[in-house]
Amino acid sequence: MTSSTADLLLHPVRLRVLQLLLAGEELTTSQMAERLPDVPTASLYRHVARLADAGVLRVVRERSVRGTAERTYAVQVEAARVGPDAARSMTRDQHRRAFTTFTASLLGRFESYLEREEIDPARDGISYREAAMWLTDAELEEMVAELRETITARMEHRETPGRTRRTLATVLLPGGTRA
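Start counting the sequence shown at 0; every next residue gets the next number (numbering that gives the first Met the number 0).
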């Protein structure tokens, strides 16, 4: 993946579309619009089209609705990742923009939560924590693999009664120089 693909994926609206679909759902643009009511419909359609044209989204179903083709989309998971090669090719400014987009997206979802009629952070599982640790490169790789395995297994869960969609965001930063 090139840094231009990273720019494509890290646009705030396109990132939110991907977040909807990365949970394994298949949605029409109309269904996406219902879940992203703050995004103008015309803008949403343009962003979905850009993702589809780039091969990040694929059409899984198409049906005719009042003479118009209604497409149901799924995400091409591998095409939706900014992998190590793309990260290496990104400039510092692109990394800044990507991180800003990422954190702004989190802030937007947190604001949406806070605007609910009734909130209970403890009941709702709200948590934000920071933990510093000393790890060798091998220990870091092991920890990341363990987290990836745990998270990936739960990302396969489907919407069912009793389940609530939750977002877990991770940021891993080096803490200065090596010991």
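Glycine is no exception: its CB is placed at the ideal position from the N, C-alpha and C atoms.
Should residue i be labelled buried (16 or more other beta-carbon atoms within 10 Å of its own) or exposed?
i, result
"A152", "exposed"
"R15", "buried"
"M132", "exposed"
"Y112", "exposed"
"M154", "exposed"
"V170", "exposed"
Determine the extent of the alpha helix (DSSP H) in which residue i is found, giving its start and end residues.
i, result
"V47", "T40 to D52"
Which value, in whole angstroms, describes the spacing of the CA atoms of residue i and residue j?
i, j, result
"M142", "I150", "12 Å"
"Y127", "G54", "34 Å"
"F109", "S63", "37 Å"
Thinking just about the alpha-carbon of each residue, which of the options is nearest to the one in residue i?
i, options, result
"R57", "R65, V64, A48 and S63", "A48"
"R157", "L19, D6 and R13", "L19"
"E69", "Y44, A85 and G124", "Y44"
"S84", "R177, T4 and L172", "Looking at the sequence shown, residue 84 is not Ser but Asp. It is T4 whose Cα lies nearest to the Cα of D84."
"R177", "D136, L146, S29 and T159", "D136"
"E24", "E61, T71, L8 and A97", "T71"
Between which two residues does the beta strand (DSSP E) containing residue i stretch?
i, result
"V143", "Looking at the DSSP string, V143 is not in any beta strand (DSSP E); the run it does join, the alpha helix (DSSP H), is D136 to M154."
"Y112", "Run containing Y112: none in the beta strand (DSSP E); it sits in the alpha helix (DSSP H), R91 to L113."
Determine which residues share a DSSP beta bridge with residue i and list them.
i, result
"V58", "Y72"
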